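Asks:
There are 2 protein chains.
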Amino acid sequence: MVKNRYRKGMARPRSFDEDEVLRVARDQFWATGYAAARVDDIAAATGLGKGSLYGAFGDKHQLFLRTFDKYSAAMVEGVRRQLEGPDAGAYERLRAHVAAVADATASDVCRRGCLLAKGTAELSGQDPAVVATARRTFAAIEELIASCVAGAQRAGEIDPNADPGHLAGLLLAVLRGIEALGKGGSSPESLRAIAETAMAVLPRP
Amino acid sequence: MVKNRYRKGMARPRSFDEDEVLRVARDQFWATGYAAARVDDIAAATGLGKGSLYGAFGDKHQLFLRTFDKYSAAMVEGVRRQLEGPDAGAYERLRAHVAAVADATASDVCRRGCLLAKGTAELSGQDPAVVATARRTFAAIEELIASCVAGAQRAGEIDPNADPGHLAGLLLAVLRGIEALGKGGSSPESLRAIAETAMAVLPRP
DNA sequence: GTGGTTCTTGACTGACTAGTCCAGAACGTA
DNA sequence: TACGTTCTGGACTAGTCAGTCAAGAACCAC
């Protein structure tokens, strides 16, 4: 991405950390959405001049996609950390994850929600790259949930006759629904109740 | 809202239908989101001059809230029509409704999704009026689902020991999740599978 | 040092946008 | 028909925004 090899006479090096700039830019897009975010604000927040920003990342759209992809990848990694593990604790990990999403959504005071959801809602109709990232991310998370469900089935905590893919799809929908309802102002208690009910209705052996 | 009583010498009447203008404006906001929608485009699409638009509806924000509230109210009415009725068919109405949401989301080619979800995702962090409308709308729909669940319980199609409020909350989350996943490019089949699985896991008597 | 390269800064541009304003149009009443 | 009122259309304003550019800064190899 960035050329670190110089031909002759090494040139002036970057004075900023690319990841840090992406984090700050992400927060700007996150707070206001893509269309309402201002490149001038991002430049000010990062302390960079606009020239550096454009030189390093291209235009506003490319910068957004970078932050969006990075956020989505980090999200998948976060889910992986919460769900992967031995069959023995699979059901409990699943339960804890669903509860954690509800808690995080409930305690999101500034109601900025999930950037993946926000970006997808705003841009999916106009930006195929956003749709592609969203689809990839949802598929990866669903796969992680399905693996965890299968582990819980092997451990005898979920009905082994159920289709783990179907249950994973349902749970993913519930998670995304909790996120959507949270942004709509649902109470913390009702979000937590949804998480508990979702686990309660899973078929036991 | 609109003054139709004139004091002396009746004045020039509106040459447009307010509902029709709101419909067109809604489609503009729906297609691009709030921030990216242009008042000039709305004026052009409605055929009105900007003066008339501002005179009748105030500014862009007020116009959006009008379309947003109207959309939300219509949505609640639509759900009511699908769910209200005698206990006998309650379960089937519920099943049909969940399936209908999945189908509608799956066949939304232009991926514009639900305006309530889109508007809430974009503006909930900055606009209390949007949050208020979203909360009210979600609460109304959840209430309708809860009534339908209770009917299905009385009809002996859902476990009467289950809490209808909890099941309604779960189903509402699934519906909003289907909508979110649909905008993320999930396949029609997987959306329909989620709808079926959600109904399948409801506790039977 | 000197040269060659890339990075930085912020003023600048051109396009676009929300909102205003006003001259004239369209009405019912007297 | 003349009047008072509200509606209409679109030109206009003031401000905002994404993106560019040029002059200089920082760096290493030689």
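So the sequence lines, in the order shown, correspond to chains C and G.
Residues in the first sequence are numbered consecutively from 24, following the working numbering.
Residues in the second sequence are numbered consecutively from 24, following the working numbering.
All C-beta atoms, glycine included, are put in the ideal place defined by N, C-alpha and C.
These figures come from a predicted structure and were not determined experimentally.
Kindly list the residues whose CB is nearer than 7 Å to the CB of C/A68, restricted to its own chain and excluding five residues on each side of it in sequence; keep chain order.
Replies: The sequence position of residue 68 of chain C within the first sequence is 45, counting from 1. Beyond the five residues adjoining it in sequence on each side, C/A68 comes within less than 7 Å, by CB distance, of V47 and Q51 in the same chain, given in chain order.
Asks: Sorted by chain position, which residues of the same chain lie with C-beta nearer than 6 Å to C/P228's C-beta, five sequence neighbours on each side aside?
Replies: Indexing the first sequence from 1 puts residue 228 of chain C at position 205. If we look at C/P228 and ignore the five residues flanking it on each side, its Cβ neighbours are G179 and D182.
Asks: Of all the residues that make up the region 146-178 of chain C, which are near chain G by a beta-carbon distance shorter than 7 Å?
Replies: S147, G148, V154, A157, R158 and F161
Asks: Once the 5 residues before and after G/L167 are set aside, which same chain residues still bring their CB inside 6 Å of it?
Replies: Numbered from its first residue, the second sequence carries residue 167 of chain G at position 144. Answer for G/L167: V102, R103 and L106, listed in chain order.
Asks: If I measure Cβ to Cβ from G/Y29 and keep anything under 7 Å in the same chain, skipping five residues before and after, which residues do I get?
Replies: Residue numbering aside, residue 29 of chain G sits at position 6 when the second sequence is read from its first letter. Its pLDDT being 48, under 50, G/Y29 is placed unreliably by the model, and the measurement read from it follows with that caveat. There are no such residues.
Asks: Is the CB of C/T220 under 8 Å away from at least one CB in chain G?
Replies: In the first sequence, the residue the question calls residue 220 of chain C occupies position 197. Chain G, which has a Cβ nearer than 8 Å to the Cβ of C/T220, makes this yes.
Asks: Return the first residue and the last residue of the alpha helix (DSSP H) that G/G142 is part of.
Replies: The residue given as residue 142 of chain G occupies position 119 in the second sequence. Annotation: the continuous alpha helix (DSSP H) that includes G/G142 extends over L138 to L146.
Asks: Which residue's Cα is closest to the Cα of C/R215: G/A97, G/L198 and G/H189?
Replies: By one-based count along the first sequence, residue 215 of chain C stands at place 192. Taking each of G/A97, G/L198 and G/H189 in turn and checking the Cα distance to C/R215, the smallest one comes out for G/H189.
Asks: Taking all protein chains shown into account, do 16 or more other C-beta atoms lie within 10 angstroms of the C-beta of C/V25, making it buried, or fewer, making it exposed?
Replies: Locating residue 25 of chain C in the first sequence gives position 2, counting from the first residue. In this prediction, C/V25 scores a pLDDT of 35, lower than 50, which makes its location untrustworthy; the coordinate-derived value is nonetheless stated afterwards. Exposed, by the Cβ-count rule.
Asks: G/K83 touches chain C at which residues, Cβ-Cβ below 9 Å?
Replies: Position 60 of the second sequence, counted from the start, is the residue given in the question as residue 83 of chain G. Result: empty, since nearest Cβ-Cβ is about 13 Å, beyond 9 Å.
Asks: Would you list, in sequence order, the uninterrupted alpha helix (DSSP H) runs of no fewer than 4 residues that lie entirely inside the region 111-175 of chain C?
Replies: 113-129 and 138-146
Asks: I'd like the span of the alpha helix (DSSP H) that includes C/G188, first residue to last.
Replies: The residue given as residue 188 of chain C occupies position 165 in the first sequence. C/G188 -> alpha helix (DSSP H) spans P187 to K206.
Asks: Is it true that the CB of C/V132 sits closer than 8 Å to the CB of C/A218?
Replies: The residue given as residue 218 of chain C occupies position 195 in the first sequence. The residue given as residue 132 of chain C occupies position 109 in the first sequence. No, the pair does not count as a contact, with Cβ atoms beyond the cut-off.
Asks: If you measure between the beta carbons of C/A113 and C/A191, is that distance less than 8 Å?
Replies: Taking the first residue of the first sequence as 1, we reach residue 113 of chain C at position 90. Taking the first residue of the first sequence as 1, we reach residue 191 of chain C at position 168. For C/A113 and C/A191, no; Cβs fall outside 8 Å.
Asks: Any contact of the region 123-142 of chain C with the region 143-151 of chain G, i.e. 3+ C-beta pairs under 8 Å?
Replies: yes
Asks: For C/R37, count neighbouring C-beta atoms within 10 Å of its own C-beta (all shown protein chains included) and say buried if the count is 16 or more, exposed if not.
Replies: For the purposes of this step, residue 37 of chain C is identified with residue 14 of the first sequence, where counting begins at 1. Exposed, because fewer than 16 other Cβ atoms sit within 10 Å of the Cβ of C/R37.
Asks: For the region 43-77 of chain G, list every residue whose C-beta sits within 7 Å of some C-beta in chain C, in sequence order.
Replies: A54, G56, A58 and A59
Asks: Does any CB atom of chain G fall closer than 8 Å to the CB of C/S130?
Replies: Position 107 of the first sequence holds residue 130 of chain C. Not one chain G Cβ lies under 8 Å of C/S130.
Asks: If you compare alpha carbons, which of C/G148, C/R177, C/A185 and C/L194 is closest to C/E165?
Replies: For the purposes of this step, residue 165 of chain C is taken as residue 142 along the first sequence, with counting starting at 1. Considering only alpha carbons, the answer is C/L194.
Asks: Using DSSP with H/G/I as helix, E/B as strand and the rest coil, what is C/G74?
Replies: Locating residue 74 of chain C in the first sequence gives position 51, counting from the first residue. DSSP places C/G74 in helix when its eight states are reduced to three.
Asks: Taking the C-alpha atoms as reference points, what is the distance between G/A13 and G/S95?
Replies: Residue 13 of chain G falls outside the range modelled here, since chain G spans only 24 to 228, and no answer is possible.
Asks: Roughly how many whole angstroms lie between the Cα atoms of C/T220 and C/G78?
Replies: As a first step, residue 220 of chain C is located in the first sequence; it is residue number 197 there, counting from the start. As a first step, residue 78 of chain C is located in the first sequence; it is residue number 55 there, counting from the start. Distance between the alpha carbons of C/T220 and C/G78 is about 50 Å.
Asks: For C/D186, count neighbouring Cβ atoms within 10 angstroms of its own Cβ and tell me buried if that reaches 16, exposed if not.
Replies: Residue mapping note: residue 186 of chain C aligns to position 163 of the first sequence, counting from 1. The residue in question, C/D186, is exposed, as its Cβ has fewer than 16 Cβ neighbours within 10 Å.
Asks: Closest Cβ-Cβ distance between C/G192 and chain G: below 8 Å?
Replies: For this step, residue 192 of chain C is matched to residue 169 along the first sequence. Yes, its Cβ sits closer than 8 Å to a Cβ of chain G.
Asks: Of all the CB atoms in chain G, is at least one closer than 8 Å to the CB of C/R227?
Replies: Counting from one through the first sequence, the residue named residue 227 of chain C turns up at place 204. No, C/R227 lies away from the interface with chain G (no Cβ there is under 8 Å from its Cβ).
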